[in-house]
Each structure stands twice: as structure tokens, then as C-alpha cells.
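What follows is one structure encoded as C-alpha cells, with my remarks underneath.
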Amino acid sequence: MGYDILIKNGTLIDGTGSPARRGNLAIKAGRITGVGDVDGLAKRVIDADGAVVAPGFIDPHTHYDAQICWDGAVTPSSWHGVTSVVMGNCGVGIAPCRPDAREIAMRDLVNVEAIPYGVLEEGITWDWETFPEYMAAAQDRAPSLNLAFLAPLTPFRHYVMGGESLERGATPKETKRITALLGEAMDAGAFGFSSTILNQHLGFEGRPLACRNASRDELKAYAGVLKERGKGAIEVALTR
Numbered sequence: 002m003g004y005d006i007l008i009k010n011g012t013l014i015d016g017t018g019s020p021a022r023r024g025n026l027a028i029k030a031g032r033i034t035g036v037g038d039v040d041g042l043a044k045r046v047i048d049a050d051g052a053v054v055a056p057g058f059i060d061p062h063t064h065y066d067a068q069i070c071w072d073g074a075v076t077p078s079s080w081h082g083v084t085s086v087v088m089g090n091c092g093v094g095i096a097p098c099r100p101d102a103r104e105i106a107m108r109d110l111v112n113v114e115a116i117p118y119g120v121l122e123e124g125i126t127w128d129w130e131t132f133p134e135y136m137a138a139a140q141d142r143a144p145s146l147n148l149a150f151l152a153p154l155t156p157f158r159h160y161v162m163g164g165e166s167l168e169r170g171a172t173p174k175e176t177k178r179i180t181a182l183l184g185e186a187m188d189a190g191a192f193g194f195s196s197t198i199l200n201q202h203l204g205f206e207g208r209p210l211a212c213r214n215a216s217r218d219e220l221k222a223y224a225g226v227l228k229e230r231g232k233g234a235i236e237v238a239l240t241r
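Each residue of the sequence shown is one higher than the last, beginning at 2 in the numbering used here.
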């Protein structure tokens, strides 16, 4: 049997908890077809002697929301063996976003994630407005790993409520609109939404992120989006 890739002589760690063992790994048509005592002809042979051969690693908490615009390889993760990253954590992000709110979104990232404003101003391409458009734009960068998207609640509230999102809870009408937008995001491929209750998560003008003003009724409505679909996750940055 011929393989596309044969990785030989590596230390195999399969992620099941089994002891590490020396062996080979064969790949054909993008799939692993043999692990352990496997050999044969291959288009490409990699000698992994002295190296570990393992499943890809998942980084569940990143803030590459802006960086994906100028670093499709997501190099801080991909260069270290990470193959999947979760974006949109802590309720902060850059979609959905209208042109007149871009500074607010960028200032949120400056204050929460210490990303220099000048880097964001020059690097973010803004070739989207809605969250589904943002996810599509991120995939257009041909990322070198898998991107998993949480819908960050702050820009969703600001998209519907404007500056009032920094002051109060949403009205039932506003909640319904935000809920619909979260549903659109989920249907386009997001796997949940995120928020925060950390006191130090201050955004635009040093004020609490808009998601911190969400009421319990709001959050229950947003959780209902996931319940309706029978899937999804909620990430909340909590106090210690």
C-alpha cells in the first residue's frame, strides 16, 4: 500500500492516556491510515527520530480576532503544534460592527487585551460588518489551522443598542434583535457566545464592556439560542 506521507521513528503519543511508544504513522488522502508498526512506500517520508508525534493541540482561549487579518498562519499557535484555536473569548471582538463603531471595537481590544491601537488601526481590514461575514473573511485568509468562533456579546449589544449598551440592560425589543443576530451567527458556524463579569475588563473610554451590562433575562434569552439548536457553548470570564 502506498502512502502520501509516512512519519517514521517518532515517539507516538495518541492522546488516550496510553504510554508513549516508538513507531510510525501513515497518512493517505489527508487521513491517518496506520499508527505503530506500519511501513511501506510513501510519496514523502519524514524521519521523526527524537521528536514527538501527537494529535494536534487545541487552544481554547485566544484573542486572534484582529490578528487573523494580517497573520493567516496564526503563527503564535501554529508554530508550536496547535492545530485548532477558539476565538471571540471574554465577550470582546470586532464583529458585528458598523463603520462608525470601529474605534469602539478597537479600543475595547486595546484596554482588555493590551493590543496597541496603531497595530489594530493598520492591521484590521474591515471587509465585513456582520458576524457571518467576519467568519467568512477570516477563512478567506487561508488559515493554517482550524478556527472556532465564539460570538462575543459586547459587539452584538453595541450593534443593536449603540452607546446605550455601555449604560444599561437591553429592552425586550433589543434583546429579541440581539437574539436573532446570535442565531444567525450560530447558523453560520459559530459554536456559542462569550461574555465576562471581570471587573478589570474595561473597554472604550475605560468603561465596563457592554456585555457586563447584560441582564439575567438577556442572558437567558441568548442561552435559549443554543437550546433551540441543541448545541453550543457559553464562555464567561469569571472572577477568582
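Cβ coordinates follow ideal geometry from the N, Cα and C atoms, glycine included.
According to DSSP, is P61 helix, strand or coil?
-> It is coil, neither helix nor strand.
So, are the CB atoms of C212 and T126 less than 8 angstroms apart?
-> No, the pair does not count as a contact, with Cβ atoms beyond the cut-off.
Which class does E168 belong to by DSSP, given the choice of helix, strand or coil?
-> DSSP places E168 outside both helix and strand once states are collapsed to three, so it counts as coil.
Return the chain-ordered list of same chain residues with a C-beta closer than 7 angstroms to the C-beta of N147, the five sequence neighbours on each side being excluded.
-> T84, S85, listed in sequence order.
By Cβ distance, which residues of its chain are closer than 8 angstroms to K44, with the 5 residues on each side in sequence left out?
-> Within the same chain, K44 has close Cβ partners G3, Y4, D5, I6.
Whole-number beta carbon distance between A152 and A181, since they are thought to touch under 8 angstroms = In fact, because the Cβ distance is near 12 angstroms, the residues do not count as touching under 8 angstroms.
In three-state DSSP terms, what is E130?
-> Coil, per DSSP.
Compare the C-alpha of I179 against each of D141, K29, Y160 and name the closest.
-> Among D141, K29, Y160, the Cα nearest to that of I179 is on Y160.
K228 by DSSP, collapsed to three states: which one?
-> Three-state DSSP puts K228 in a helix.
Alpha-carbon spacing of D109 relative to V93, whole angstroms | Those two C-alpha atoms are separated by around 7 angstroms.
Which ranges does the beta strand (DSSP E) cover as unbroken runs of at least 3 residues, wholly within the region 56 to 118, from first to last along the chain?
-> Correct list: 58 to 60, 83 to 88.
State the start and end residues of the unbroken alpha helix (DSSP H) segment that holds G184.
-> Element bounds for G184: 173 to 189.
Go to T34, then tell me how far its beta strand (DSSP E) extends in each direction, as first and last residue.
-> In the DSSP assignment, T34 falls within the beta strand (DSSP E) that extends over 32 to 37.
Span of the alpha helix (DSSP H) holding R142?
-> From DSSP, R142 is part of no alpha helix (DSSP H); its letter is neither H nor E.
Do you know how far the Cα of K174 is from the Cα of I28?
-> Rounded to the nearest whole angstrom, the C-alpha separation of I28 and K174 is 53 angstroms.
Take the Cβ of E327 as the centre, count every other Cβ of all protein chains shown within 10 Å, and call the residue buried at 16 or more, exposed below.
-> Because the chain in this structure spans residues 2 to 241, residue 327 falls outside the shown range and cannot be described.
Since L26 is in the beta strand (DSSP E), which residue starts that stretch and which ends it?
-> It spans 22 to 29 - the beta strand (DSSP E) in which L26 sits, taken as one unbroken run.
Determine, using beta carbons only, whether S145 and S195 come nearer to each other than 8 angstroms.
-> For S145 and S195, no; Cβs fall outside 8 angstroms.
Proximity below 8 angstroms, CB of F132 to CB of P77 | F132 is not a Cβ neighbour of P77, given a cutoff of 8 angstroms.
Integer-rounded CB distance, given that V54 should sit under 8 angstroms from G11 = Contact check for G11 and V54: beta-carbon distance about 4 angstroms, within the 8 angstroms limit, so the pair qualifies.
Please name the residue in L227, D38, G124, A52 whose C-alpha comes closest to that of D66.
-> The shortest Cα separation from D66 among L227, D38, G124, A52 belongs to G124.
Just how far apart, CA to CA, sit F157 and L183?
-> Cα-Cα distance, rounded: 8 angstroms.
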